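Dropping the structure here:
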């Protein structure tokens, strides 16, 4: 799907990827995390154009879709008027992490010759069940817990082990969000020795 | 009764048994479903498609959801058997699926999960009583 070819359509799509890469770097004020640096340093190893990198792009894009949703969910939480400091600051910090995940995933997808999924214009959230600060935090905790499971399920299916490492790095971050949210809610912060 | 008949009866019993082997506990399955809630909801599309109406539905057929080619062309119809196979290893069952998830390796957990999905599909969460 991403093979180099003399087919003019393929050249056009490469040009489009280059253009989106340029605009990405122009707009990105991203502070690179350790995982991001490892990924970009290993860029040569991220060979474009084979079936396994196409599969990896698809896995990354699904994760990217979920990260876009998380950014939007924290936005809804922050704007709900239900969060007071310090919970509000926590939500904004966690949202910032999800934005950094979005940037890293999008950048990696472009590096692999793919096209990053964009955020949807609209997301459905169970806003009718969010009536208090605790409701909002519990909703965020559910999303973070799900995200941990999703990355756990992605780690073993990446063809490229650097990508598995990057996913594990994000998994760790989201597990910390989950634990802190549980703690704020007065629940046992770390309920078990393993995540699933 | 001759030996062949006895064998056939035994095979039939074994088949019937394996079809009902693990009835699955929807309450436990609800907890397993929390893993899916990174991407799915029952009643609306998220990163993955909604799960209401799943049983009997052709794979890749929720209108407006952007499925992979692979899922749309899989010709699967979702029932306990096809779900069990897909959920044990999605990328192997439907190569090229965009559900980049290793799956639920434990057969008992899958049975619980499928029992939960079936129960949820008949519940108010999916617009039924």
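Protein chains in written order, with the numbering used here: chain A, 1 to 196; chain B, 1 to 129.
Glycine residues also receive a C-beta, built at the ideal position from the N, C-alpha and C atoms.
Since we're looking at a predicted model, the values are computed, not measured.
Closest Cβ-Cβ distance between residue i and chain A: below 7 Å?
{"i": "residue 101(B)", "result": "yes"}
{"i": "residue 98(B)", "result": "yes"}
{"i": "residue 91(B)", "result": "yes"}
Does any CB atom of chain B fall closer than 7 Å to the CB of residue i?
{"i": "residue 124(A)", "result": "yes"}
{"i": "residue 58(A)", "result": "yes"}
{"i": "residue 65(A)", "result": "yes"}
{"i": "residue 185(A)", "result": "no"}
{"i": "residue 62(A)", "result": "yes"}
{"i": "residue 25(A)", "result": "Any reading at residue 25(A) must be qualified, since the residue scores a pLDDT of 39, below 50, and its modelled position is unreliable; no value is offered."}
{"i": "residue 195(A)", "result": "no"}
{"i": "residue 175(A)", "result": "no"}
{"i": "residue 170(A)", "result": "no"}
{"i": "residue 192(A)", "result": "no"}
{"i": "residue 181(A)", "result": "no"}
{"i": "residue 178(A)", "result": "no"}
Assuming the contact rule is C-beta atoms closer than 8 Å, residue i and residue j should be a hit. Round their C-beta distance to whole Å, please.
{"i": "residue 138(A)", "j": "residue 68(A)", "result": "Contact doesn't hold; Cβ gap of about 21 Å is too wide."}
{"i": "residue 97(B)", "j": "residue 66(B)", "result": "With 8 Å as the limit, residue 97(B) and residue 66(B) do not qualify as a contact, their Cβ atoms being about 13 Å apart."}
{"i": "residue 70(A)", "j": "residue 141(A)", "result": "Not a contact, Cβ separation roughly 12 Å."}
{"i": "residue 152(A)", "j": "residue 130(A)", "result": "That belief does not hold up - the Cβ atoms of residue 152(A) and residue 130(A) are roughly 27 Å apart, past 8 Å."}
{"i": "residue 150(A)", "j": "residue 66(A)", "result": "6 Å"}
{"i": "residue 126(B)", "j": "residue 42(B)", "result": "6 Å"}
{"i": "residue 112(B)", "j": "residue 29(B)", "result": "4 Å"}
{"i": "residue 64(A)", "j": "residue 106(A)", "result": "6 Å"}
{"i": "residue 62(B)", "j": "residue 46(B)", "result": "Going by Cβ atoms, the distance from residue 62(B) to residue 46(B) rounds to 12 Å, so no, they are not a contact pair."}
{"i": "residue 51(A)", "j": "residue 123(A)", "result": "No, residue 51(A) and residue 123(A) are not in contact; Cβ-Cβ is about 32 Å, not under 8 Å."}
{"i": "residue 127(A)", "j": "residue 76(A)", "result": "7 Å"}
{"i": "residue 88(B)", "j": "residue 57(B)", "result": "Not quite, the Cβ-Cβ distance comes to about 19 Å (not below 8 Å), so this is no contact."}
{"i": "residue 35(B)", "j": "residue 196(A)", "result": "7 Å"}
With DSSP as the reference, identify every bridge partner of residue i, one or two as the case may be.
{"i": "residue 58(B)", "result": "77(B)"}
Counting Cβ pairs, one atom from each stretch, are 3 or more of them under 8 Å apart for the region 65-81 of chain B and the region 181-196 of chain A? no
Would you call the region 49-69 of chain A and the region 98-109 of chain B touching, i.e. three or more CB-CB distances under 8 Å? yes
Should the region 166-178 of chain A be called in touch with the region 77-89 of chain A, which here means at least 3 C-beta pairs below 8 Å? no
Near-chain B residues of the region 145-156 of chain A - C-beta to any C-beta below 7 Å: 145, 146, 147, 149, 150, 153, 154, 156
Segment contact, 8 Å Cβ cut-off, at least three pairs: the region 88-96 of chain A with the region 153-166 of chain A: No: fewer than three Cβ pairs fall under 8 Å.
Do the region 109-119 of chain B and the region 20-36 of chain B touch if we need at least three Cβ pairs shorter than 8 Å? yes
According to a CB-to-CB cut-off of less than 7 Å, which residues of the region 24-48 of chain B neighbour chain A? 34, 35, 37, 38, 39, 44, 46, 47
Quick one: which residues of the region 98-123 of chain A get their C-beta closer than 7 Å to a C-beta of chain B? List them in chain order. none
Closer than 7 Å, Cβ to Cβ, to anything on chain B: give me those residues from the region 64-84 of chain A, in chain order. 65, 66, 69
The region 130-143 of chain A: positions lying closer than 9 Å to chain B by Cβ: 142, 143
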